[in-house]
Amino acid sequence: MNLDQIVMAPFIPVSAGLSGWSFVKAWTNFRLLTRGQWIEAEIVYVREDTDSDGDPCFYPEVAYTPPDSDEVRVESKVGRLYPIDYPTRIRVRYDPAKPRRARLQGYGEPGLFTCLVGGVGGAFLAVRLFMDLFT
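Take 5 as the starting number for the sequence shown in the working numbering and just add one per residue.
Structure (structure tokens):
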């Protein structure tokens, strides 16, 4: 085994893992697109944190009540760089089968196409590195 192979070997599980994560995100996006329903929610809390640069970042928590269900509270996984007023109404797309699986309008995460491309790219990279390493 030469130095190039030793350096490349750790990238195989890393790229395979990132590919798997991308496919899981794509599946979640697909389920929200095909089965998701829009509902009005209210921002009930805003958590302030800092990003990697030390700048403030604000993450809203919303509350909504789907039909035939109890109140659901979800915090956005994506933050904003400016303060958010609350209580404020916002639209949320949620999965009726799992009401906690939701996406707040205006708080975008990678979409279905981006996740699929990332998953395929990561899988291709893992296979290519594996082939280069063992052939």
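Yeah, the Cβ is synthetic: ideal placement off N, Cα and C, and Gly gets one too.
Check the DSSP bridge columns for residue i and list the partner residues they point to.
{"i": "I43", "result": "V96"}
Should residue i be labelled buried (16 or more other beta-carbon atoms within 10 Å of its own) or exposed?
{"i": "P64", "result": "buried"}
{"i": "Y98", "result": "buried"}
{"i": "K29", "result": "buried"}
{"i": "V78", "result": "buried"}
{"i": "N6", "result": "exposed"}
{"i": "V11", "result": "exposed"}
{"i": "G58", "result": "exposed"}
{"i": "L37", "result": "exposed"}
{"i": "G110", "result": "exposed"}
So residue i and residue j are supposed to be a Cβ contact under 8 Å. How far apart are they, rounded?
{"i": "I88", "j": "Y68", "result": "With 8 Å as the limit, I88 and Y68 do not qualify as a contact, their Cβ atoms being about 16 Å apart."}
{"i": "P103", "j": "P70", "result": "5 Å"}
{"i": "R39", "j": "P100", "result": "7 Å"}
{"i": "F62", "j": "G83", "result": "6 Å"}
{"i": "V66", "j": "E46", "result": "6 Å"}
- Item | beta strand (DSSP E) runs contained entirely in the stretch 46–113, provided each spans 3 or more residues | As far as the stretch 46–113 is concerned, its whole beta strand (DSSP E) runs of at least 3 residues are 60–68, 76–79, 92–99 and 102–108.
- Item | Three or more C-beta pairs below 8 Å linking the stretch 85–98 and the stretch 112–122 | No, the stretch 85–98 is not in contact with the stretch 112–122.
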